[in-house]
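> I am attaching a structure below and will ask some questions about it afterwards.
Number of protein chains: 2
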Amino acid sequence: MKLSLDPQAINNALDGRWAEARRQGRTLALEEITHEDPADDLETTRAKTLAGVELMADTGLPMVALPPALGGRNEHATNIASFEETVTASPSLQVKAGVQFGLFGGAILHLGNAEQHDAWLVAAQTGKLLGSFAMTEIGHGSDVAAIGTTATYEVEKDEFVIDTPFRAATKEYIGNAARDARAAVVFAQLITNGVNHGVHAFFVPIRDEDGTILPGISIEDDGYKGGLKGVDNGRIVFEQVRIPRFNLLDRYGAVDADGKYTSPIDSPGRRFFTMLGTLVQGRVSLDGAAIVASKLALDIAVRYGLERKQFTTVDDINETTLLDYQQHQRRLMPAIASVYASAFAHEKLLNSFEEVFSGADESEENRALLETRAAAFKADTTWMALDVIQECREACGGAGYMAENRLVGLRADLDIYATFEGDNTVLLQLAAKRLLGDYAKEFANIDVGGAARYIGTQAAEHTLYRTGLANAGLAISDVFTPNLGEKRIRSGRLQRSLLETRLEVMVSGLAQALRPAMKMSAADAADLFNSNQHEFIEMARAYVELEKWKALDEAMREQQDPVQNKLFRRLRDTYGLSLIEKHVGWHLMYGRLPMLRARQLNETLNRLCAKLSANALDLVDAFGYGDDHRRATISTGVEAERQDEAADYYRHSRAQEDYAVPEKQLRKAEKAAKKAAEKDARKAKAGK
Amino acid sequence: MKLSLDPQAINNALDGRWAEARRQGRTLALEEITHEDPADDLETTRAKTLAGVELMADTGLPMVALPPALGGRNEHATNIASFEETVTASPSLQVKAGVQFGLFGGAILHLGNAEQHDAWLVAAQTGKLLGSFAMTEIGHGSDVAAIGTTATYEVEKDEFVIDTPFRAATKEYIGNAARDARAAVVFAQLITNGVNHGVHAFFVPIRDEDGTILPGISIEDDGYKGGLKGVDNGRIVFEQVRIPRFNLLDRYGAVDADGKYTSPIDSPGRRFFTMLGTLVQGRVSLDGAAIVASKLALDIAVRYGLERKQFTTVDDINETTLLDYQQHQRRLMPAIASVYASAFAHEKLLNSFEEVFSGADESEENRALLETRAAAFKADTTWMALDVIQECREACGGAGYMAENRLVGLRADLDIYATFEGDNTVLLQLAAKRLLGDYAKEFANIDVGGAARYIGTQAAEHTLYRTGLANAGLAISDVFTPNLGEKRIRSGRLQRSLLETRLEVMVSGLAQALRPAMKMSAADAADLFNSNQHEFIEMARAYVELEKWKALDEAMREQQDPVQNKLFRRLRDTYGLSLIEKHVGWHLMYGRLPMLRARQLNETLNRLCAKLSANALDLVDAFGYGDDHRRATISTGVEAERQDEAADYYRHSRAQEDYAVPEKQLRKAEKAAKKAAEKDARKAKAGK
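Chains as they are written, first to last, in UniProt numbering: chain A, 1 to 688; chain B, 1 to 688.
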């Protein structure tokens, strides 16, 4: 059952194209200052996290994405891959650095002009100019287009006036704002010559060099959160704050001295989504960060599960190791499989990100596909991380609840990943709308009902091919290609067919259900859309699941070493069959899976999990972390040491003359002796 | 759709028999000292929590369970019901008080003799003698029988010697140990005259009155955990600590001056489980506490969901309220239904607890049923609470992550409930074994494989009737009574039939699968058992789900008011159909549900959730909490205030002459004007 594997070779496959950057990130994560200590108070933790951000700046990695003219290499995935790994230091560091280099720096890079780059970009990416990214408001999170902050141009002074017109327009949850940021990229409604041109980004100084808050600006500290203690989130209110016209980041919308507005993108909706689209990096990196956190949790829980014993099952002395229990295998092995699938899917996402942002293929279509995937993957993966970390924490029992074993901290920090940089529920709807638009042209510009509005015109011109909906466009009955002849439930073709068909049927079913909306009043259309929202979201999850499965399937095919290939096949089947088991009701209801085949799922998964467990240590070794990354007492071998000591004690005790015999054993012996005596008595009687 | 309801009447139904005690608990929870502040340091939080425990002592409630001779009323559920409600103050308080009065005091009450009661019990229940409950060790949590601490009787000195023979035998995670406890009930292997009589409880002083740790005892602080900051957990090591023979809590096992051991229960296994069984109170109260935490989270999230708006869906101005979105309804309404089901099931559990401990029916059978239910309910409910609180936190977006809105704190505190007082996975196996034992006598004493050993002989003599397995004992084919004639998927008979059949088929299926184990070697039997462990655990969950559904169904029948009855029917159907949807694959695979019927589930649930949402406020009002219990900024109405202010601002703006017209609107108008001009031009041309 156990395969003979080389964890380093698996690690090479997992680390992929950006292996070097990942290893750089892991090295940085060894620096003690980057490690959170629950005993530290808020300000100490924030100061340490800032020191970590400065260390990241010192590596030069945040500069890599810049154009060569500014000292960069126009490489976009490198620093993301590297930063993701700093989650092993602390998620606070990953998030605070993400705000500084990805959001603040990234907005200047992608939305600013060359002069603005000269003015602020290098300072931002070297950590000399600390910044915030002030988009979200108390009143509007997911619906960015509806934010209330205004930036009104005054011709007389050649200035914009940034203002918070009511409390709901207060910038909220803004990272770096409570303590460190000297400037912020502020998103506001650009108003000039009596017209509101929609949301644009502005560079707004908020503190002087000494850290004193500038006039007209008030900042409140968000204080304690569910986690991310090292990130200083805050609320910002602007009261008629004046900035030079120069400070409008004007790549997609400029204002001249007379207040005349121009934009390279004519449609206001399209312009807005193009601007937001340049900030996709945040979602890409959260997808990766959630994978790193999941790996770390599994690394800890598997090591403990391989040492910890509980209950004697076979004899009276030897206890059974946790990971030999079927249920323990079922808790951790599917989690490992889905982390592997997510990691290979993330690698593809990074490739696509690099392609778009390096300019290798920045077609509208490719960009939209990247945005769709980033949204959908981020949603699925961050939820996966919460489930995986929680499973790991519970699998470690009470020890899992101790801060020193890190699982609870990871869980608390990752919690917010499900709702920041786009609420997962909203993100899935974005992806769902794209799927519908690919399916049938009339849906491409659908703008009815709730969150569909969120994605506006962005998903307009794409082909069916890119989302992989090969069968889309056919009627439901057409896609029912018979696959039931497949002999084994583990067949990859069967898995793919089931996952694909489910998605296709959902898409075409929803298209049918929603088509009448095109001719309805806005209110009726919204109602119709809303009455299908749950299915709509489920459809997007079906899409991510298929994409992740395909990524793992491809990775399997790439493994030349036959033993490693076999391991990957086990992983792929575990991931695939877990998905099919999760949705088995659907597959049965739609007649895709015969009942007898469906009943094999549970047993097949049991066997697969047992097989994977035999290589559990290889599977987590392959993540590439050491004790200094895990920093969890229970994964250092102490448990085995203590057990050996206890076993020695008992062995020694039993050899002593004064060993206290268990009453149970004594009674057994007494019973036996009594029986023997009776037997003797009967014998003696008979013999008489 | 909206029903006209009286929340107070629903509250009366929910609060049930111990309504007065619940309200007492809620009143106590208003005391400010009992509220945790995330800004407080560890020691301040601990001190405040202790002050809360003292306030609880002052209410006199912990005395109520005592016999009248000691000033009590021999009422056992009263203080549990009351304490559960203190979760609204802080889960730390509920847990620390639970350790003091339920575990420490409870062990003295249930395991001690009258003289011991005189010596310690009143002091414990009035909070004058602070204590710990030292059962778990680093090496053994779930498997209590295997703990390593020894208590060896020395005739010469008439004393027991308490000793920690190796590191794994260190008492671990012991509440009250790090700071406050002056004594501990210590569980240890009782050794006298060269025989080990198994685990017994001993009263061991650990600190003097000033708080100085006594000689021979070392205590280490567990420090930071995932939550429960107010509970001072610690590790205790005993180095040959001597206590008088008197300190053995000897109700189930006594030692005379000569070291002779006697017990009213002959079988060592049965004796052990009887001792542990008296401590069932912990699990009962965690079941209730998890329900209170879930109610509180829903109370906060529903109020916010009824105010918070996001995205315009119907027109360009009015945004849609979160709880009008189908997905939001699907996130929160099934959660409410399952909290209602759990609450009514808990009420039955409390009744059974009162029956057993007051002596009204302390039959072996009734006691075993209580233990089974307490174990199974606690597992299911604590997991439910984690899911519900997390759903609530995410449903509140970023605001849900702020400590000031309490959801993250509740989630962090409740996390450990899934693995303390019995790991949920182990507890479900305990229940599962009972189900098998009820099904067929030969399983009653099954003692193979992993955790089955844990429950030993305890579930021996019970009838089929008590677990409600009316059809058990029949072959699988027999239980397939046709129910498919039922017209509506919402039929209560259909729901019950599906839930019951699933359980019955699982039980008989597992009985068949495991029967060969009876004749196997220990190793083979353990293997066979292990290869069915996952199903075994699923079976126990099917049992709890059915029990909770039945409790809610009964509660529905008890509602005389027709409108309230209708509400309860909606709740019951939502709970029932959610369960059926969750396991729809099973119902289809086993031919219990036709595909067409199964396909109705999703839509029926959508409609039910929409209906329940119309009364969402009534449903949470009925929990009986006020702003001072919720203590969450987002549930106080601030969100609506801010929105009103924003709406006023926009209304006023639009009325102004210098209103900045949105570019979008302008372009629409321009297009229209252009068209009109062209039309005019055409007309003019034509007219020419």
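Glycine is no exception: its CB is placed at the ideal position from the N, C-alpha and C atoms.
Taking the C-alpha atoms as reference points, what is the distance between residue 394(A) and residue 93(B)?
Whole-angstrom Cα-Cα distance: 23 angstroms.
> Can you tell which of 440(B), 423(B), 539(B) has its C-alpha closest to the C-alpha of residue 143(B)?
That would be 423(B), whose Cα lies nearest to the Cα of residue 143(B).
> Would you mind sorting residue 384(A) into buried or exposed? The rule is 16 or more other CB atoms within 10 Å of its CB.
So residue 384(A) ends up on the buried side.
> Could you tell me which of 564(B), 590(B), 184(B) sits nearest to residue 233(B), measuring between CA atoms?
Taking only the C-alpha atoms, the option nearest residue 233(B) is 184(B).
> Output yes if chain B places a C-beta closer than 8 angstroms to the C-beta of residue 652(A); else output no.
No, residue 652(A) does not count as interfacial toward chain B.
> Does the segment 418-432 of chain B come into contact with the segment 372-388 of chain B, if we say contact requires no fewer than three beta-carbon pairs (one atom in each stretch) closer than 8 angstroms?
With a cut-off of 8 angstroms, the segment 372-388 of chain B and the segment 418-432 of chain B count as touching, because enough Cβ pairs lie within range.
> List the endpoints of the continuous beta strand (DSSP E) containing residue 280(B).
Premise fails: residue 280(B) is in no beta strand (DSSP E) and is neither H nor E.
> For chain A, check one thing: does any of its Cβ atoms lie closer than 8 angstroms to the Cβ of residue 419(B)?
With 8 angstroms as the cut-off, residue 419(B) counts as an interface residue toward chain A.
> Based on the DSSP secondary-structure assignment, which residues constitute the bridge partners of residue 321(B)?
According to DSSP, residue 321(B) bridges with 309(B).
> Does any residue of chain A have a CB that is nearer than 8 angstroms to the CB of residue 11(B)?
No, residue 11(B) does not count as interfacial toward chain A.
> Suppose you measure from the CA of residue 676(A) to the CA of residue 608(A); what does that come to, to the nearest Å?
The straight-line gap from Cα to Cα measures roughly 49 angstroms.
> Count Cβ pairs between the segment 174-191 of chain A and the segment 638-654 of chain B that sit closer than 8 angstroms; are there 3 or more?
Taking 8 angstroms as the limit for Cβ pairs, the verdict is that the segment 638-654 of chain B does not touch the segment 174-191 of chain A.
> Locate the alpha helix (DSSP H) running through residue 248(B), then write down its first and last residues.
No alpha helix (DSSP H) holds residue 248(B); DSSP gives it neither H nor E.
> Can you list, in chain order, the residues of the UniProt region "Disordered" (660-688) of chain B whose Cβ is nearer than 8 angstroms to any Cβ on chain A?
For the UniProt region "Disordered" (660-688) of chain B, which is checked against every Cβ of chain A, the residues closer than 8 angstroms are 660, 661, 662, 663, 664, 666, 667.
> Please report the residue range of the beta strand (DSSP E) in which residue 40(B) lies.
Premise fails: residue 40(B) is in no beta strand (DSSP E) and is neither H nor E.
> Is residue 407(B) closer than 8 angstroms to residue 400(B) when the C-beta atoms are compared?
Going by C-beta atoms, residue 400(B) is nearer than 8 angstroms to residue 407(B).
> Taking 8 angstroms as the threshold (C-beta atoms), are residue 415(A) and residue 226(A) in contact?
Against a cut-off of 8 angstroms, the Cβ pair of residue 415(A) and residue 226(A) comes out as a contact.
> Looking at chain B, is there any beta carbon in it that lies within less than 8 angstroms of the beta carbon of residue 325(A)?
Cβ-Cβ to chain B under 8 angstroms: yes for residue 325(A).
> For residue 689(A), does the three-state DSSP call read helix, strand or coil?
Look at the range of chain A in this structure, 1 to 688, and you will see that residue 689(A) is not part of it.
> Would you kindly check if the distance between the Cβ of residue 187(A) and the Cβ of residue 649(B) is under 8 angstroms?
In this structure, residue 187(A) does not lie closer than 8 angstroms to residue 649(B) by Cβ.
> Just the Cα atoms here: how many angstroms apart are residue 117(A) and residue 567(A)?
The alpha-carbon atoms of residue 117(A) and residue 567(A) are separated by roughly 48 angstroms.
> If you drop the 5 nearest sequence neighbours on each side, which residues of the same chain put their C-beta closer than 6 angstroms to that of residue 619(B)?
Excluding sequence neighbours, residue 619(B) sits near 336.
> Thinking C-alpha only, which one of 329(A), 162(A), 99(A), 98(A) is nearest residue 612(A)?
Looking at the Cα atoms, 329(A) is the closest of the given residues.
> Tell me whether the segment 244-258 of chain A and the segment 121-137 of chain A touch, counting them as touching only if at least three CB pairs, one residue from each stretch, are closer than 8 angstroms.
Not touching, per the Cβ criterion.
> Mind pulling the chain B residues with CB within less than 9 angstroms of residue 501(A)?
Those within 9 angstroms of residue 501(A) in chain B number zero; the least Cβ separation is about 16 angstroms.
> Please state if the CB of residue 99(B) and the CB of residue 293(B) are separated by a distance shorter than 8 angstroms.
It is not a contact, given that the beta carbons lie outside the stated cut-off.
> Let me know the secondary structure DSSP gives residue 64(B) once reduced to three states.
DSSP places residue 64(B) in coil when its eight states are reduced to three.
> Please list the partners that residue 531(B) has in chain A, where partner means a Cβ-to-Cβ separation under 8 angstroms.
Simply 326, 606.
> Can you give me the C-alpha to C-alpha distance between residue 58(B) and residue 49(B), rounded to a whole angstrom?
Rounded to the nearest angstrom, the two C-alpha atoms are 14 angstroms apart.
> I need the straight-line Cα distance from residue 516(B) to residue 560(B), nearest angstrom please.
The straight-line gap from Cα to Cα measures roughly 51 angstroms.
> Output yes if chain B places a C-beta closer than 8 angstroms to the C-beta of residue 90(A); else output no.
No, residue 90(A) does not count as interfacial toward chain B.
> Is the distance from the Cβ of residue 223(A) to the Cβ of residue 403(B) below 8 angstroms?
Contact: yes.
> Step through the CB atoms of chain B and report whether any lies within less than 8 angstroms of the CB of residue 311(A).
With 8 angstroms as the cut-off, residue 311(A) counts as an interface residue toward chain B.
> Residue 649(A) CB to nearest chain B CB: under 8 angstroms?
For residue 649(A), the answer is yes, since a Cβ of chain B falls inside 8 angstroms of its Cβ.
> For chain B, check one thing: does any of its Cβ atoms lie closer than 8 angstroms to the Cβ of residue 376(A)?
Not one chain B Cβ lies under 8 angstroms of residue 376(A).
> Alpha carbon to alpha carbon, how far is residue 471(A) from residue 39(B)?
Model confidence at residue 471(A) stands at a pLDDT of 40, short of 50, so the residue's coordinates are unreliable and nothing is read from them.
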